[in-house]
Structure formats: C-alpha cells, structure tokens
C-alpha cells in the first residue's frame, strides 16, 4: 500500500535532465484537475523536507503545475529512490523541441524557466 501526502510544489524537485517542451505544452493545455488530488505524481521522501520526483510522467505533471501556479499536489510516496540525473549534471536542464509552439506556450515555458532558475537550475 502506498502512502499519499499533500506536498507543496516548492518542496518537490526534479531529477531528469531533459524537458520535451512540446510534450509539456500538451500537459499544460490538457491539465486534469484530478492530478492535483489523485496521487498520480510519484515522489521519494528524502527525509529532509524535500521530495524527489521518480518518473517521467510525474515530472511533466509537476512542471505543468508550476506553469499553472498550483501551490501543492497530492503525491504518492514510493520507497525506491530514483537516480538523480539532474544533480549528476550539476542541475543543468536541456529543453528539447518547441520550434512550433505558439506565443502562449512559449511564454509558459519561459515562466517555468524563470521559476526553476530561481531554484538553482540552469538551462542549455
């Protein structure tokens, strides 16, 4: 049985190094309000008031939640610690795709970059 917990988006941190911006734009456009409460975002509890995202889909839901200014998400806590590729790459994130984004989606990606930059992440 999995535990679930409401977690502030400020306490969640990504672990992957690549964001496919076209895919992210779809998550934002097709946001499902159930994602805020259904425990579909999976995290690992580091035990230091910070939570690591554990799978790719959870990352996209998290990034979309940041763009949409969601204060918290109901998350499922898993027992297996994910590999923190992002820390291994010194917190550098690569944005892929996005050549065909409209102005609104492009603005959303810039908003996300600004949020993550303030949290110590860099972009290539």
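Numbering (full-length UniProt numbering), first residue to last: 1 to 124.
Built from N, CA and C at the ideal position, the CB exists for glycine as well.
Just so it is clear, the structure is predicted and the values come from calculations on it, not from any experiment.
Contacts around residue i, its chain only, beta-carbon distance under 6 Å, and the 5 residues preceding and following it disregarded
| i | result |
| --- | --- |
| residue 61 | 35, 41 |
| residue 96 | 18, 20 |
| residue 2 | 76 |
| residue 89 | 17 |
Contact set for residue i: own chain, Cβ-Cβ below 8 Å, skip 5 residues either direction
| i | result |
| --- | --- |
| residue 82 | 15, 44, 52, 53, 54, 55 |
| residue 9 | 62, 65, 66, 70, 71, 72, 73 |
Own chain, CB closer than 7 Å to residue i, minus 5 neighbours either side, in chain order
| i | result |
| --- | --- |
| residue 111 | 67 |
| residue 7 | 43, 51, 72, 73, 75 |
| residue 85 | 15, 16, 17 |
| residue 31 | 64, 68 |
| residue 142 | Outside the modelled stretch of the chain, which goes from 1 to 124, sits residue 142, for which no answer is possible. |
Candidates the options, of which the one nearest residue i by Cα
| i | options | result |
| --- | --- | --- |
| residue 17 | 94, 46, 48 | 94 |
| residue 22 | 124, 122, 104, 123 | 104 |
Separation of residue j from residue i, as counted between CA atoms
| i | j | result |
| --- | --- | --- |
| residue 92 | residue 120 | 9 Å |
| residue 78 | residue 47 | 13 Å |
| residue 106 | residue 80 | 35 Å |
Item to check | Sufficient close CB pairs (3 or more, under 8 Å) joining the segment 114 to 122 to the segment 29 to 46 | outcome: The segment 114 to 122 makes no contact with the segment 29 to 46; the number of CB pairs closer than 8 Å stays below 3.
Next on the checklist: Just to confirm the assignment: which complete alpha helix (DSSP H) runs, minimum length 4, are found wholly within the segment 76 to 112?
Outcome noted: 85 to 88
Next on the checklist: As an exercise, report each continuous alpha helix (DSSP H) stretch of at least 4 residues that is fully enclosed by the segment 5 to 46, in chain order.
Outcome noted: 21 to 29
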